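Residue numbers (my numbering), protein chains in the order written: chain A, 1 to 245; chain B, 1001 to 1245; chain C, 2001 to 2245. Following: one structure in structure tokens, then a few remarks.
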């Protein structure tokens, strides 16, 4: 599906490509200065890369995290619109920058290519959704977007409707010795980070890579069982990849 | 439909059952302590009952209110995610607790059974939705979730799009001598309670039970007429029950 | 479609008519005083006109702006619920008032008639949406709802997913010498105005009418190209009208 989507043609020089979950990658070579000064991003970079989607954030963050590690780009801002078409979750709006527009272009190309892989651990059905991240070494995107600790193993899970997320979180934390970074529910965030009333309970955690992976796998198993009790048609957005890690 | 849904099987010990409007009931016998300490609920109970849904809150609150009255459970928190699939309203995320997990389990079982009844006074169509509560004696859930006065007759109405809610509210308050508790619109709540930008005007009120019921019935009649002018296919989620009260 | 919708019958005296994007126009001749006192609108008017919708705000604002100019009504409040069915945008909830209920009724009639015209510059598809305003002379609704400068040429553009809006804004501001009034993204508003986490980047601007129109037309061209790269089925809600201005 991704390959097909990448064939989408668009005459605009800003267009890089599209991916699953209504994701589009864009680059602005030299952004308008008035716009930049009003954007709440503290930067002088005028080459801006954009990864933006209607649905899903965890998979796109994983993809962009890897892309930023492989290029010389800086994470400028990560915003989570309360949009997900008819899920109770988020889309994403991520900006990266560099002195050199070719770095930005390369990073967004990589992120678009990897999005279809990483949204494989996003599961949806008519009754709700589940999203997971597991990174053996968190990079700047996971730090900026989800308060991971740089270079450490990082796990994230969310479940919707929110109560499913709570049962997942409970099993997750009991399954392996990991350190909770934060937990959120519709009304409660942590510091500057918040669900902004999405229908989710989310947690993120760090620790030994094996333990973090174990905890994420447990959350996934519990979430699948419960969401399937609501609607048996729970499916990965693309292809699950955790089992091959 | 409910009976069929209750037959859903799920091997998880936490699973109690499902009901209309993508509602699921769950129980955690001994919640993880780290999770509990970060949950913004002031409790030492570790047996937690969960009633959570994608869509609708009024009907689930009525069901849980009755369930809590019949058991020895305490309302721990009521959150209203800004999710309702493609309505402009809310889902719900309700937590109750007890020293004894069997009380919690019993309460959530009752709440799941009653949800299908009480969502009968939730009406939807492609153009909007209407929700109503009438309780002759408000219990702890209506107090915690909607600022009812405990033990007093309580009425609630909401209409979406918001302007329909305002006309309903106007007719409602003119139809019987009731006391307004609060009114909300997309941007304005009351104290800690807010619509969080849902597309609704809501009011709640108390007074003599006959008057409260009259006011709710008036709101329903007006809401049905106006919503049907937008889309004739307005339907109860299950079966209306006010007329048989 | 509008004509057909206007034929909708409704026995309620408050009903004026319906229009595209699940818009309904309503009038309350003498609003309940308790309700009025709790509405966060500073007014003694009891004749209230209502324009309210599930989806879209820009087109309805244009329609109501013209309607208010043609009657002796005052803008009382403009709220933007975070509802748009399954778009990542807003609906609207607008209240106007007058001493004389016939003025209010006339204004809402005009607004309903004009809504179908002005939502012609709202474009949607499964992957996102675009909305535009261009007014040669902003009136009280554009001032209250979007911080236009009264009597001056005013332009507004939004694109979703948000990153498309940013590229539109960049091209827009580079295409003609206009003055940015504000820009917003999912997390950041300006003063009291905010997207409240919708999946949009929006800007509004003022200046010479020819320049403002040029900037809006550029934004539309860029937005159409990018949104079509995500989903070729981008369509106006009714009929585009900018080209005939």
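Glycine included, C-beta positions come from ideal geometry on N, C-alpha and C. Here the structure is a predicted model, which means the values were calculated and not measured.
So residue 1082 (chain B) contacts chain A; which residues on that side make the cut at Cβ distance below 9 Å?
82, 88, 186, 196, 197, 198, 199
query = So is the beta-carbon of residue 1135 (chain B) under 7 Å away from any non-hydrogen atom of the ligand ADP?
reply = This structure lacks the ligand ADP; in fact it carries no ligand of any kind.
What residue from B:1044, B:1055, B:1207, B:1130 has the CA that sits closest to residue 1236 (chain B)'s CA?
Taking only the C-alpha atoms, the option nearest residue 1236 (chain B) is B:1130.
So, are the CB atoms of residue 91 (chain A) and residue 127 (chain A) less than 8 Å apart?
no
Note to self: Can you tell me where the alpha helix (DSSP H) holding residue 2033 (chain C) begins and where it ends?
What the structure shows: Element bounds for residue 2033 (chain C): 2033-2037.
- Task: Can you tell me which of B:1120, B:1223, B:1208 puts its alpha carbon nearest to the alpha carbon of residue 1267 (chain B)?
- Result: Because chain B spans 1001 through 1245 in this model, residue 1267 (chain B) falls outside it and cannot be assessed.
message = For the segment 2097-2117 of chain C against the segment 2062-2073 of chain C, do three or more pairs of beta-carbon atoms, one drawn from each stretch, fall closer than 8 Å, so that the two count as touching?
response = yes
| Does residue 2183 (chain C) have its Cβ less than 8 Å from a Cβ in chain A? | yes
key: Secondary structure of residue 1206 (chain B), DSSP reduced to three states   = Here DSSP, grouped into helix, strand and coil, assigns residue 1206 (chain B) to strand.
Check your understanding: What is the DSSP secondary structure of residue 1026 (chain B), reduced to helix, strand or coil?
Key -> strand
**Request:** Note down, in chain order, each residue of its chain lying with its Cβ closer than 6 Å to the Cβ of residue 2178 (chain C), except the 5 sequence neighbours on either side.
**Result:** Only 2205, 2207, 2211, 2212, 2215 meet the Cβ criterion.
8 Å is my cut-off, CB to CB: does residue 1177 (chain B) come that close to chain C? no
For the segment 1136-1166 of chain B, enumerate the residues whose C-beta is nearer than 8 Å to any C-beta of chain C, in chain order.
1160, 1161, 1162, 1163, 1164, 1166
Please report the straight-line C-alpha distance between residue 1073 (chain B) and residue 1050 (chain B), rounded to a whole angstrom. 12 Å
State the Cα-Cα distance for the pair residue 1082 (chain B) and residue 107 (chain A), rounded to the nearest angstrom.
-> 34 Å
Review point. What residues in its chain sit with their C-beta under 7 Å from that of residue 136 (chain A), if we drop five residues either side in the sequence?
Key: 153, 209
Residue 46 (chain A) to residue 13 (chain A), Cα distance in whole Å? 15 Å
Taking only beta-carbon positions, decide if residue 2076 (chain C) is within less than 8 Å of chain A. no
Spatial distance of residue 86 (chain A) from residue 2138 (chain C) (CA atoms): Linking residue 86 (chain A) to residue 2138 (chain C) through their CA atoms gives a straight-line distance of about 35 Å.
Close-in-space but distant-in-sequence residues of the same chain around residue 1002 (chain B) (CB under 6 Å, 5 per side omitted) = Residue confidence for residue 1002 (chain B) is low, a pLDDT of 43 falling below 50, so the modelled location carries little weight and cannot support an answer.
TODO: Can you grab the Cα-Cα spacing for the pair residue 125 (chain A) / residue 2163 (chain C), in whole Å?
DONE: 26 Å
- Could you name each continuous alpha helix (DSSP H) segment of 4 residues or more that falls completely within the segment 2146-2193 of chain C, going from the start of the chain to the end? 2162-2175
Margin query: Residues of chain C with CB closer than 8 Å to the CB of residue 1109 (chain B), please, in chain order.
Written below: Within chain C, no residue comes near residue 1109 (chain B); the closest Cβ sits about 34 Å away, beyond 8 Å.
Can you tell which of A:21, A:98, A:223 has its C-alpha closest to the C-alpha of residue 31 (chain A)? A:98
Residues in the segment 2117-2131 of chain C with C-beta within 9 Å of chain A's C-beta atoms, listed in sequence order?
-> Listed by position, the residues of the segment 2117-2131 of chain C near chain A (Cβ gap below 9 Å) are 2126, 2127, 2128.
Worksheet item: Helix, strand or coil for residue 49 (chain A) per DSSP?
Response: strand
Original post:
Can the beta-carbon of residue 2080 (chain C) be found less than 8 Å from the beta-carbon of residue 2054 (chain C)?
Top reply: no
Practice prompt. Please confirm whether residue 1160 (chain B) and residue 1190 (chain B) have their CB atoms less than 8 Å apart.
Written response: No. Outside cutoff.
For this session: Using the Cα positions of residue 2203 (chain C) and residue 1102 (chain B), report the straight-line distance between them to the nearest angstrom.
Result: In a straight line, the C-alpha of residue 2203 (chain C) is about 56 Å away from that of residue 1102 (chain B).
Short CB-CB distance (under 8 Å) between residue 2045 (chain C) and chain B: It does not; no Cβ of chain B falls within 8 Å.
Original post:
If we count the other Cβ atoms within 10 Å of its Cβ and call it buried at 16 or more, is residue 9 (chain A) buried or exposed?
Top reply: exposed
Apart from the five residues on each side of it in sequence, which residues of its chain come closer than 6 Å, Cβ to Cβ, to residue 2141 (chain C)? 2061, 2064, 2065, 2068, 2075
To which residues does DSSP link residue 1079 (chain B) through a beta bridge? B:1093
Quiz item: Any C-beta of chain C sitting closer than 8 Å to the C-beta of residue 52 (chain A)?
Solution: yes
Notebook entry, point to check: Quick one: what's got a C-beta closer than 8 Å to residue 1150 (chain B)'s C-beta in the same chain, skipping five residues either side?
Noted result: 1138, 1139, 1140, 1143
Hey, residue 1122 (chain B) and residue 1059 (chain B) are a contact pair by Cβ (cut 8 Å); roughly how many whole angstroms apart?
Confirmed, about 5 Å.
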